[in-house]
Amino acid sequence: MTKIVNIPTNTGADVQTVSEAVSRRLKQERKKRKITLDELSRRSGVSKGMVVEIEKCTANPSIAILCKIAAALGLSVADVVNVSDAPSAHLIESKDIPTLWTGNMGGTARLLAGTSGPNMLELWRWEMFPGETFASSGHPHGTTELFHVEKGTLHFIVGDTELSISAGCSAVAKTDVPHAYSNKGKSKLIFTMSVTEIHQSGREI
Numbered sequence: 001m002t003k004i005v006n007i008p009t010n011t012g013a014d015v016q017t018v019s020e021a022v023s024r025r026l027k028q029e030r031k032k033r034k035i036t037l038d039e040l041s042r043r044s045g046v047s048k049g050m051v052v053e054i055e056k057c058t059a060n061p062s063i064a065i066l067c068k069i070a071a072a073l074g075l076s077v078a079d080v081v082n083v084s085d086a087p088s089a090h091l092i093e094s095k096d097i098p099t100l101w102t103g104n105m106g107g108t109a110r111l112l113a114g115t116s117g118p119n120m121l122e123l124w125r126w127e128m129f130p131g132e133t134f135a136s137s138g139h140p141h142g143t144t145e146l147f148h149v150e151k152g153t154l155h156f157i158v159g160d161t162e163l164s165i166s167a168g169c170s171a172v173a174k175t176d177v178p179h180a181y182s183n184k185g186k187s188k189l190i191f192t193m194s195v196t197e198i199h200q201s202g203r204e205i
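Position 166, counted from 1, in the sequence shown is what the UniProt record's numbering calls 166; the numbers after and before it change by one each time, with no gaps.
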């Protein structure tokens, strides 16, 4: 249904560049915090083998895996792929914006920008073709997502609630439970999404 991180060179940073950034940042942050591979695996719920492959730059992790590992280190996904904010303000060039998901019909999810973790805000742009779906097992407690549909209709399921969000409409949802985005229509779906994750006292690392 989906492919693991696959990044077309014409829409932003290429897959090798992103993989290298992820590998370098995760290894750096893990060692800075003096966390072993076994401990990071335990905290994140990601197998040690996968963590090792990511640090060796021999694996391209999915969005779900990136979220888990970043959270275990007190980081945001934007931190890990190097599109988090710097002091004051800075520009993120189009060529540096990573695509972190591709659907089987060519749809994409691009992480446009984000702040540093653990309290973080991310801005995404999704394009989904008819029949494509992305599912998540849920984010950390308190995570909220805001949606605005530019084109098509977003079929959104969160917990026991189903929403059909048509072009020009917006929605708000707490996504710390399983949820999914789908394009059940006959035309291309385009929507922007912000993700906010706030921790009152931060994570213990």
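Note that CB positions come from ideal geometry on N, CA and C, so glycine has one too.
Anticipated Cβ contact below 8 Å, residue i with residue j, distance rounded
i	j	result
residue 192	residue 150	7 Å
residue 69	residue 51	7 Å
residue 76	residue 117	4 Å
Reduced DSSP secondary structure (H/G/I, E/B, other) of residue i
i	result
residue 66	helix
residue 21	helix
residue 33	coil
residue 174	strand
residue 16	helix
residue 142	coil
residue 55	helix
residue 120	strand
Check whether residue i and residue j have beta carbons under 8 Å apart
i	j	result
residue 129	residue 181	no
residue 60	residue 19	yes
residue 96	residue 139	no
residue 23	residue 54	yes
residue 170	residue 189	no
residue 178	residue 137	yes
Rounded C-alpha distance that separates residue i from residue j
i	j	result
residue 122	residue 155	21 Å
residue 78	residue 49	23 Å
residue 196	residue 173	11 Å
residue 127	residue 82	22 Å
residue 93	residue 21	16 Å
residue 32	residue 26	10 Å
residue 185	residue 106	16 Å
Residue i at chain B interface by Cβ criterion, 8 Å
i	result
residue 89	Among the chains of the structure shown, chain B does not appear; only one protein chain is present.
Residue of the options minimising C-alpha distance to residue i
i	options	result
residue 198	101, 144, 90 and 34	144
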